[in-house]
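Written below as structure tokens is the structure these notes are about.
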Amino acid sequence: LLEREEAFMTTLLDKIPVLRGSERAYTGFLTKLRADMFDNLLEKARLAGENVKPGSQVTKDLAAVVNNFTGAGDLGKIERAKPVLNSFFFSPAKIAATVNMFNPRKYLDPNISKTAKKEALKNLIGMLGFSAGVLSIAKAIGGDNVKVETDPRSSDFGKLRIGNTRFDVSGGNAGYLTMLARVL
176 LLEREEAFMT TLLDKIPVLR GSERAYTGFL TKLRADMFDN LLEKARLAGE NVKPGSQVTK
236 DLAAVVNNFT GAGDLGKIER AKPVLNSFFF SPAKIAATVN MFNPRKYLDP NISKTAKKEA
296 LKNLIGMLGF SAGVLSIAKA IGGDNVKVET DPRSSDFGKL RIGNTRFDVS GGNAGYLTML
356 ARVL
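Note that the sequence shown ends on residue 359 in this note's numbering; no numbers are left out.
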């Protein structure tokens with residue numbers, strides 16, 4: 176049970192046939208998405224002349240990009256503590272992925288594959304651009320009913336507020352930017 180990362184850590188839902196199949200389909204889809212993304216990045220690195228032999232640093236860098244941008248971050252030295260961390264946090268791997276995604280070292284380190292850095296930057300800009308675009312469009316067509324907070328120190332930063340309901344279009348990532356803004 177401690178290996179799970181769901182919001183409700185239980186095996187009871189596995190007993191319901193439709194839900195068990197739905198979870199299995201989602202897991203299969205995400206695994207296929209990660210594999211396809213990795214294959215695509217591997218081909219780009221190969222065409223760029225990088226060493227893409229199994230186990231090479233380039234393949235590790237590309238795998239890290241795929242995992243970070245699909246919410247499966249590496250916990251590093253505390254990976255073995257993941258079952259315990261799952262008891263206290265919702266998806267410590269997602270937390271690690273988000274921290275890695277915003278880590279400037281991932282974009283500046285000369286030892287990281289050029290293809291991995293380029294693709295990570297494209298994904299980061301795409302994610303931020305998508306969130307900003309959705310918020311801008313919602314604000315433009317929503318009028319006075321829609322509020323969009325632009326102060327990064329606010330708990331509502333990056334969220335779309337309609338009445339008392341908030342929609343986080345960043346996939347939960349805006350909270351990390353708020354924390355960083357408050358620390359700075």
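Here a beta-carbon is modelled for each residue, glycine too, at the ideal position from N, C-alpha and C.
Only a predicted model underlies this, so the values are computations on that prediction, with no experimental measurement involved.
Under a Cβ-count criterion, where at least 16 other Cβ atoms within 10 Å of its own Cβ denotes burial, should residue i be classed as buried or exposed?
i	result
Asp326	exposed
Asn275	buried
Val241	buried
Met212	buried
Leu283	exposed
Leu301	Correcting the residue identity first, residue 301 is Gly in this sequence and not Leu. That one is exposed.
Ala268	buried
Ser197	exposed
Lys363	The displayed coordinates of the chain run from 176 to 359. Any statement about residue 363 would go beyond what the structure contains.
Ser262	exposed
Val227	buried
Leu310	buried
For residue i and residue j, which I take to be in contact (beta-carbon distance under 8 angstroms), what is that distance rounded to the nearest angstrom?
i	j	result
Asn278	Phe244	The Cβ separation is near 13 angstroms, so there is no contact.
Ala272	Gly246	5 angstroms
Thr234	Leu217	7 angstroms
Hey, how far is the Cα of residue i from the Cα of residue j?
i	j	result
Ser266	Glu225	33 angstroms
Leu296	Gly317	31 angstroms
Ala312	Glu324	According to the sequence shown, residue 312 is Ile rather than Ala. In a straight line, the C-alpha of Ile312 is about 14 angstroms away from that of Glu324.
Ile125	Phe264	Absent from the model: residue 125. The displayed extent of the chain is 176 to 359, so no value can be given.
Thr353	Ser330	7 angstroms
Pro229	Leu260	31 angstroms
Lys252	Ser231	20 angstroms
Arg199	Leu187	15 angstroms
Gly347	Asp249	18 angstroms
Leu335	Phe204	28 angstroms
Arg195	Ala256	27 angstroms
Ser288	Leu222	13 angstroms
Thr202	Glu254	21 angstroms
Arg357	Val193	43 angstroms
Report the residue from the options whose alpha carbon sits nearest the alpha carbon of residue i.
i	options	result
Gly367	Asn320, Gly350, Gly317, Gly318	This structure leaves residue 367 out entirely; the chain is present only between 176 and 359.
Val321	Lys293, Ala239, Asn339, Ala247	Asn339
Asn286	Ile253, Leu352, Leu188, Asp236	Asp236
Leu359	Arg328, Phe204, Lys219	Arg328
Ala238	Arg341, Val344, Thr290, Ala356	Thr290
Ala220	Leu355, Lys314, Lys293	Lys293
Asp343	Ser306, Ala315, Lys314, Leu355	Ser306
Gly304	Lys281, Asp319, Ser345	Ser345
For this session: Quick one: which unbroken alpha helix (DSSP H) runs of 4-plus residues sit fully inside the region 284-341? Chain order, please.
Result: The alpha helix (DSSP H) runs of length 4 or more contained entirely in the region 284-341 are, from start to end of the chain, 289-317.
Jot down the residue ranges of each uninterrupted beta strand (DSSP E) in the region 233-288, minimum 3 residues, whole runs only, in chain order.
Every candidate beta strand (DSSP E) stretch fails here, since none sits fully inside the region 233-288 while reaching 3 residues.
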